[in-house]
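Right, one structure below, let's go through it.
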Amino acid sequence: MLVFIDDSGDPGFKFEKGSSKIFVIAMVIFNDDLEAEKTSVAIKETRRKLKVSDLYEFKFNKANRKFRNTFFGAIKKFDFEIRAVVINKSDIQDPKFKERKFNFYNFVIKELLKQSEKILKNARINFDRRGEKNLRDQLRVYLSRELNN
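Okay, so the sequence shown: first residue is 277 according to my numbering, each after it adds one.
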């Protein structure tokens, strides 16, 4: 089992300085490694068809309809599951989440994983590497401590 986790928005709460109002953590779950590889190849071919770099990250809030339709058309035949948490950050009142963004980020990912633990047996989990490295490092330590209890 292979799991990919990524976020959209940012975990900060400084709305007056541009923090996003919505934060999303999503995971894509492949029960079969070969299916994940086939999907990856299809995405790479889609990038080339759209004449973008092999490293191009699809950002759907900025993508036009053609990009979206081409992307979803390329992956719809593959077998995977998506789970996500969507949070309106203005609803968050706990100061520990507002004061340190990694507290919020880590907690949301932990809860998504806990809610999915019955299906995530022996999963290899991959986190997006485009974000802040210190957030990822703190997350690994946090999840090791919190999920092994």
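In this text, a Cβ means the ideal position worked out from N, Cα and C, and glycines have one as well.
Proximity of residue i and residue j at Cβ, strictly below 8 Å
i	j	result
I301	F403	no
T322	A350	yes
F356	I305	yes
N382	Y332	no
E311	F354	yes
F378	L411	yes
V361	E387	yes
As assigned by DSSP and simplified to three states, the class of residue i
i	result
A312	helix
I395	coil
S329	coil
R400	strand
K386	helix
D413	helix
I368	coil
R376	coil
K290	coil
S420	helix
K320	helix
Spatial neighbours of residue i in its chain, beta-carbon cut-off 6 Å, leaving aside the 5 residues before and after
i	result
S296	G285 and D286
M303	V279, I281 and R359
I363	F299
Residue i: first and last residue of the uninterrupted alpha helix (DSSP H) it sits in
i	result
F306	Here F306 belongs to no alpha helix (DSSP H); instead the beta strand (DSSP E) covers I298 to F306.
K342	R341 to I351
Alpha carbon of residue i to alpha carbon of residue j, nearest angstrom
i	j	result
I358	K293	31 Å
L415	D309	24 Å
A389	D367	According to the sequence provided, residue 389 is Leu. The question's Ala does not apply to it. Approximately 21 Å, taken between the alpha carbons.
F373	I395	28 Å
V384	F291	19 Å
D330	F343	15 Å
R376	F289	9 Å
Limits of the beta strand (DSSP E) - the one that residue i falls within
i	result
S284	L278 to S284
R359	E357 to N364
Close Cβ partners of residue i (< 7 Å) along its chain, the five nearest in sequence each way excluded
i	result
K320	D330
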